[in-house]
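Undergrad:
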Ligand code: IPE
Ligand code: IPE
Ligand code: MG
Ligand code: MG
Ligand code: MG
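Numbering (my numbering), first residue to last: 2 to 360.
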């Protein structure tokens, strides 16, 4: 994604996230991507922002919550692609121009926080039992399970504080000097976005999809029904529905929320929502492919699907058809943008990236 010309500089998203999160002095070694088990250092796109970037907490936490704060920062910074937050901002910019970007920034950050939490919990031993993420030890491997669970809880909760409030832009300035960003968004649109994000994150969306994923797997005591490797009981249709929930919902709502907050028309919101849904489908198909055939040095995470007996796209559709389905989903995403002109070229580029990505 490095060569995509975003309207909003990735470093500014990190800066906004830094302001939302509690201050934390991460131990130096946790800031750098760790070499993986085979000794290769994965490439990292974004680093935590420097000291110049003010954060919400007045000073570094030295109290009992220090580990919680460190784990929250660890989960949010250090190599994420920022796909969902960039998508929300692009969607806002496409329908509302550059002045819409700030209006969508809290939602973009909130969705990124929810995504970060979902990864922390996804990696836990009771879920995917993954030791690595973004080329470093996964959050629970670095901080222990209890702290990782709580960091996830705190990130999810904070996401709604950020979405509903003034955390991102208000900083320490007087409101007059730095108008609260959400004051510029009409209350009805904001309430609509809060509801959409909650639905996408919860049991009807990401969490529900994760529950299905786990129920189909052979992960310890969680498995409820038999979709072991080679078991054909999971249909392509069911798998696609599960992908749409666990991954597609958050990606789709990023595009949708951006379009709503940018002041898009009903037709524009629907088009961007469709784009996001297709993009999410392409994204998880490729994620499953990368688990089966990708290079862990590039993805920053070791393969876990096979060991966990997961129902995945390569297992259900076969490798070649998964590649084809990802390409088709990416093309469908581009097709959803047909009413937009050159201002949507970045999202067209993003759709192509998602189907071809190696990390
Ligand atoms: C990984 O998402 C989890 C899935 C939904 C497949 P990303 O690949 O977007 O994770 P980061 O934020 O870039 O690490
Ligand atoms: C989606 O699937 C994860 C979430 C919804 C958080 P995966 O379990 O395949 O994601 P990775 O491969 O661990 O990133
Ligand atoms: Mg998982
Ligand atoms: Mg996983
Ligand atoms: Mg995966």
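We put the beta carbon where it would ideally sit given N, CA and C, even for glycine. Owing to the predicted nature of the structure, the values given are computational and were not obtained by experimental measurement.
Following a CB-centred definition, is residue 268 positioned closer than 7 Å to any heavy atom of ligand 2?
TA: Because no heavy atom of ligand 2 lies under 7 Å away, the Cβ of residue 268 does not count as near it: no.
Undergrad: Looking only at C-alpha atoms, which of 291, 314, 218 and 271 sits nearest to residue 245?
TA: Among 291, 314, 218 and 271, the Cα nearest to that of residue 245 belongs to 314.
Undergrad: Quick check on this structure: which residue in 250, 287 and 190 has the alpha carbon closest to the alpha carbon of residue 264?
TA: Of the listed residues, the one whose Cα sits closest to residue 264 is 190.
Undergrad: Verify whether the separation of the beta carbon atoms of residue 253 and residue 283 is less than 8 Å.
TA: Not closer than 8 Å, so no.
Undergrad: DSSP three-state label for residue 248, please.
TA: Residue 248 falls in the helix class under three-state DSSP.
Undergrad: Just mark residue 204 as buried or exposed, buried being the case when its beta carbon has 16 or more other beta carbons within 10 Å.
TA: Under this definition residue 204 is an exposed residue.
Undergrad: Around the C-beta of residue 201, are 16 or more other C-beta atoms found within 10 angstroms, so that it is buried, or is it exposed?
TA: Buried is the call here.
Undergrad: Under 7 Å from any heavy atom of ligand 4, does the C-beta of residue 124 make it?
TA: Result yes, Cβ under 7 Å from ligand 4.
Undergrad: According to the neighbour-count rule (16 or more other Cβ atoms, all chains shown, within 10 Å of its Cβ), is residue 310 buried or exposed?
TA: Counting Cβ neighbours within 10 Å, residue 310 comes out buried, since at least 16 surround it.
Undergrad: So which of 139, 115 and 138 has the shortest CA-CA distance to residue 154?
TA: Closest option to residue 154, Cα to Cα, is 115.
Undergrad: Quick one: complete alpha helix (DSSP H) runs, 4+ long, within the stretch 286–345?
TA: Listed in chain order, the complete alpha helix (DSSP H) runs (minimum 4 residues) inside the stretch 286–345 are 297–300, 314–318 and 320–337.
Undergrad: Decide if residue 56 is buried, meaning its Cβ has at least 16 other Cβ atoms within 10 Å, or exposed.
TA: Note that residue 56 has pLDDT 49, beneath the 50 cutoff, so the model's placement of it is unreliable and no number is given.
Undergrad: Spell out the partners DSSP gives residue 389 in its beta bridges.
TA: Missing from the structure shown is residue 389; the chain here goes from 2 to 360 and no further.
Undergrad: Whole angstroms is fine: what's the gap from residue 79's alpha carbon to residue 129's?
TA: Each residue's Cα considered, the two are about 21 Å apart.
Undergrad: Sorry if obvious, but does the Cβ on residue 214 come closer than 7 Å to a heavy atom of ligand 3?
TA: Checking the Cβ of residue 214 against ligand 3 gives yes.
Undergrad: Can you give the Cα-Cα distance for residue 249 and residue 110, rounded to whole angstroms?
TA: Going from the Cα of residue 249 to the Cα of residue 110 covers about 18 Å.
Undergrad: Under 7 Å from any heavy atom of ligand 1, does the C-beta of residue 80 make it?
TA: Flag set: Cβ of residue 80 near ligand 1.
Undergrad: Is the beta carbon of residue 156 sitting closer than 8 Å to the one on residue 199?
TA: In this structure, residue 199 does not lie closer than 8 Å to residue 156 by Cβ.
Undergrad: Select from 298, 197, 300 and 215 the residue whose C-alpha is nearest the C-alpha of residue 251.
TA: With distances taken between Cα atoms, residue 251 lies closest to 197.
Undergrad: How far does the alpha helix (DSSP H) with residue 6 in it reach, from first residue to last?
TA: From DSSP, residue 6 is part of no alpha helix (DSSP H); its letter is neither H nor E.
Undergrad: With a 10 Å radius around its C-beta and 16 neighbouring C-beta atoms as the bar for buried, classify residue 12 as buried or exposed.
TA: Exposed, by the Cβ-count rule.
Undergrad: For a minimum of 4 consecutive residues, which ranges assigned as the alpha helix (DSSP H) are wholly contained in the stretch 56–102?
TA: DSSP runs (the alpha helix (DSSP H)) wholly in the stretch 56–102: 67–77 and 84–97.
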